[in-house]
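Visitor: Read top to bottom, the protein sequences are chains A and B.
Using our numbering, the letters of the first sequence correspond one by one to residues 28 to 477.
Using our numbering, the letters of the second sequence correspond one by one to residues 292 to 477.
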Amino acid sequence: MKKNWPMLVVDDEDVMCESMTAWLREDGYPVDSASNGQQALELAKSTDYAICFVDLKMPGGMDGIETMMELRRIRPEACVIIITAYAAVDTAIQAMKEGAQEYIVKPCNPQEISMLVARILKLKKLQSENAILRKKLSRHYRHRDIITKNPRLEEILALTQDIASLRSTVLIRGESGTGKELVARAIHFSGDRAERPFITVSCAALTETLLESELFGYEKGAFTGAAAQAKGKFEQADGGTILLDEIGDVSPKLQADLLRVLQERRFYRVGGNEEVEVDVRIIAATNKNLAEEVKRGRFREDLYYRLNVIEIPIPPLRERREDIPLLAEHFAQRISSELGKDINGISGPALKLLIAYDWPGNVRELENVIERAIVTCRNGVLDEQDFSWLQQPGSLENWEVPDVSLDELERRAIIAALERKHGNVKEASAALGIDRSTLYDKLKHYEIAR
Amino acid sequence: MNALYLVAIGSVTEGALEWIENAAAEWFPLPLQRLPPLSIPEAAYDRKRGQYQSVEIMKMLAQYAPSNSSRDSRVLGLTDVDLAIPMLSFLFGQAQLDGPVAVVSLCRLHQEFYGLPADESLLRQRTVKEALHELGHTFGLAHCSDPRCAMSLATHIELVDAKEEQYCERCGVRLVRRFAQPGGKV
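Encoded structure:
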């Protein structure tokens, strides 16, 4: 347990560093020492210290208070104990005002420091338990957020429980807006990795080179602007789960890199020579038919089989219409509370209208539609009037379709949505009923400038 | 050759070294050897505090530390002066964790230090406990949460007296495993 509480001793006197380090090591803590503030900051960048003992007086360079402030900036969770001599107690009190948790006057009784360390670590353990409990609560929340009485989706949810603690790769397939990320979160937060990070990467939103450095990180000087080493999403997700959203949009080069990570759980940072090893569960999501992409030669077959160990197909909302009233009521309740509007439900005719609609943008579109209706609703119940703007299949009957290809039609629809929303991608994607990453993908595909 | 070297620093009686030898022979499968007595290094004396810096004494002992070819050898110094480090007002002893050198001070183990009549039996017990404690550190043992174990942290004399002259089962097993794999970690 003590191995989880690394400590740092900062003092310009060697004898102080050596003796204090030895004393703490006897107590079982991993301890580093630094002879000046700058060295301490360098160490703190790579180690998450539980307690930093900082001598107040360090001649030349940064003094104790400056060092403490910088340490707290890099590691806000670290507890800083200022070490001072009798003569400088006033300055130590000043240090407390600046953010030091404790100060000790040297030399102090061994019992005093032993009790101080025990007290701080007890508090840290409580904080850490608190964080774990909060995460467990959020786990419950996330499960409840998937609302369904559709037998197919219920089976899928049961499957997420069964596979939650495995490390097998999962491929979630479904149209935009069906809740692929929600299912990925349900898998992560139900398993052994729940207390570790869950990291999402939208593969469609970035260019190949940006995505490469985003995923694998980079070394200092790897490219112009790489001023310091940076960890990529795989390293950030170490011990946890990474969701590679829109995996079908990854370039051939990155497909080869991802295949290696899947096989070996190792990679190189961009511009790096040292292999980085990670323990990450990979969940991939796509709205494309990857098997078809493989046939067309646009997606590597070997990567497809590596990803497709456990496949989870999520049905579109039009294939589980029984969930529409449940979801609509859920969103109405949540959004009205968030917006502070008093909405007492959805009328029967309005629900019929919602059930009849085909929802090309799936659950996300339904959520957006409910939000818009709540904003404009004036009588406390959402009725047909509040959804009158919703385009029903029949309402397009008299619309004259221009004589253009389907691609051109889509391109024009995107341009029109962007114009209406003044170039705001988030709002335009909501209006089009697709998610942001899909819109980015289409902007790239149609070479539309924002 | 691996060995456990004992050395008197300053005016320490032969008897005190014998106490440690008898206890160490029970726990450590190493030949025991005595080094010629050493004087307290001048650099160790802290005039302001009237105490001796243990780091300086450890540095002196390190000169007697075994070479790489005998990496399970240890040097334990026994002194009668009051030890301290800059941060702490006193120490009963100090060791290099998983390292070759340790020191124990008899100064605060004497009943006389606390204004009480001398008690040689109690002094023997305390000396053995602290010697086992520091030697345990040199073989990689950290502090133990069992207050009866020689490896529990004693920050005042009552806590030394609460210990027994032996390691708890868990620490004992670790030591046995350590010697089953010479040079290994506990």
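Just so you know, even glycine gets a beta-carbon here, dropped at the ideal spot from N, CA and C.
For residue 332(B), tell me which candidate among 314(B), 450(B) and 299(B) has the shortest Cα-Cα distance.
Guide: 299(B)
Visitor: Under a CB-based cut-off of 8 Å, is residue 408(B) close to chain A?
Guide: no
Visitor: What do you get for residue 402(A), buried or exposed, if any count of 16 or more other CB atoms within 10 angstroms of its CB means buried?
Guide: Counting every other CB atom within 10 Å of its CB across the protein chains shown gives residue 402(A) a total below 16, marking it as exposed.
Visitor: Can you confirm whether the region 368–375 of chain A touches the region 392–411 of chain A when touching is taken to mean that 3 or more C-beta pairs between the two stretches lie within less than 8 Å?
Guide: yes
Visitor: Could you check what DSSP says for residue 338(A) in three-state terms: helix, strand or coil?
Guide: strand
Visitor: Leaving out the 5 sequence neighbours to the left and right, which residues in its chain are closer than 6 Å to residue 468(A) when beta-carbon positions are compared?
Guide: 231 and 276
Visitor: Taking C-alpha atoms, which residue in 344(B), 394(B) and 443(B) lies nearest to residue 44(A)?
Guide: 344(B)
Visitor: Between 240(A), 183(A), 269(A) and 254(A), which has its C-alpha nearest residue 481(A)'s C-alpha?
Guide: The structure shown does not extend to residue 481(A), since chain A is modelled only from 28 to 477, so the question has no answer here.
Visitor: Given that residue 133(A) touches chain B, what residues does it touch there, using C-beta distances under 7 Å?
Guide: 377 and 378
Visitor: Are the beta-carbon atoms belonging to residue 341(A) and residue 207(A) less than 8 Å from one another?
Guide: yes
Visitor: If we ignore side chains and look at the alpha-carbon of each, how far apart do residue 351(B) and residue 125(A) end up?
Guide: 41 Å
Visitor: Looking at C-alpha atoms only, which residue of 447(A), 436(A), 105(A) and 375(A) is the closest neighbour of residue 412(A)?
Guide: Cα-wise, what sits closest to residue 412(A) is 375(A).
Visitor: Closer than 8 Å is the cut-off here; do at least three beta carbon pairs connect the region 402–415 of chain B with the region 70–81 of chain A?
Guide: The answer is no - the region 70–81 of chain A does not touch the region 402–415 of chain B, with fewer than three Cβ pairs under 8 Å.
Visitor: Measuring only between beta-carbons, confirm whether residue 116(A) sits less than 8 Å from chain B.
Guide: No, residue 116(A) lies away from the interface with chain B (no Cβ there is under 8 Å from its Cβ).
Visitor: Quick check: is the beta carbon of residue 333(A) nearer than 8 Å to any beta carbon in chain B?
Guide: no
Visitor: Beta-carbon within less than 8 Å of residue 478(B)'s beta-carbon, same chain only, minus the 5 sequence neighbours each way: which residues are those?
Guide: This structure leaves residue 478(B) out entirely; chain B is present only between 292 and 477.
Visitor: Counting C-beta neighbours from all protein chains within 10 Å, is the total for residue 456(A) 16 or more, i.e. buried, or is it exposed?
Guide: buried
Visitor: In terms of DSSP beta bridges, what is residue 439(A) paired with?
Guide: In the DSSP output, where bridge partners are listed per residue, residue 439(A) has none listed.
Visitor: For a test of the three-state rule: what should DSSP assign to residue 378(B), helix, strand or coil?
Guide: coil
Visitor: Output, in sequence order along the chain, the residues in the region 51–66 of chain A whose CB is closer than 7 Å to any CB in chain B.
Guide: Answer set for the region 51–66 of chain A: 52, 53, 54 and 55.
Visitor: Measuring straight from C-alpha to C-alpha, what distance separates residue 437(B) and residue 454(B)?
Guide: 9 Å
Visitor: Under 8 Å by Cβ, that's how I've got residue 385(A) and residue 203(A) pegged, so tell me the actual separation to the nearest angstrom.
Guide: With 8 Å as the limit, residue 385(A) and residue 203(A) do not qualify as a contact, their Cβ atoms being about 14 Å apart.
Visitor: Residues in the same chain with beta-carbon distance under 7 Å from residue 122(A), minus the five sequence neighbours each way, listed in chain order, please.
Guide: Cβ within range, chain order: 83, 91, 92, 95, 109 and 130.
Visitor: Run through DSSP, which three-state label would residue 398(B) get?
Guide: Residue 398(B): helix per DSSP, three-state reduction.
Visitor: Check whether the Cβ of residue 137(A) lies closer than 8 Å to any Cβ atom in chain B.
Guide: yes
Visitor: Please specify which runs of the alpha helix (DSSP H), each continuous and at least 4 residues long, are wholly inside the region 269–326 of chain A, giving them in chain order.
Guide: 279–291 and 317–322
Visitor: Ignore the nearest five residues each way along the sequence and tell me which others in residue 267(B)'s own chain have a CB closer than 7 Å to its CB.
Guide: As displayed, chain B neither begins before 292 nor continues past 477, which places residue 267(B) out of reach and without an answer.
Visitor: In terms of DSSP beta bridges, what is residue 225(A) paired with?
Guide: 268(A)
Visitor: When you compare the CB of residue 446(B) with every CB in chain A, is at least one pair closer than 8 Å?
Guide: yes
Visitor: Rounding to the nearest angstrom, what Cα-Cα distance links residue 474(A) and residue 179(A) in this structure?
Guide: Cα-Cα distance, rounded: 38 Å.
Visitor: Tell me whether the beta-carbon of residue 183(A) lies closer than 8 Å to the beta-carbon of residue 144(A).
Guide: no
Visitor: With a cut-off of 8 Å, do at least 3 Cβ pairs link the region 252–266 of chain A to the region 306–316 of chain A?
Guide: yes
Visitor: Give the interface partners of residue 95(A) over in chain B, defined as CB-CB distance under 8 Å, in chain order.
Guide: What residue 95(A) touches in chain B: nothing, since even the nearest Cβ is about 17 Å away.
Visitor: So is residue 49(A) in contact with chain B if we call contact Cβ pairs under 8 Å?
Guide: yes
Visitor: For a test of the three-state rule: what should DSSP assign to residue 324(B), helix, strand or coil?
Guide: strand
Visitor: Could you round the C-beta distance between residue 308(B) and residue 369(B) to whole angstroms and report it? I think they count as a contact, below 8 Å.
Guide: 6 Å
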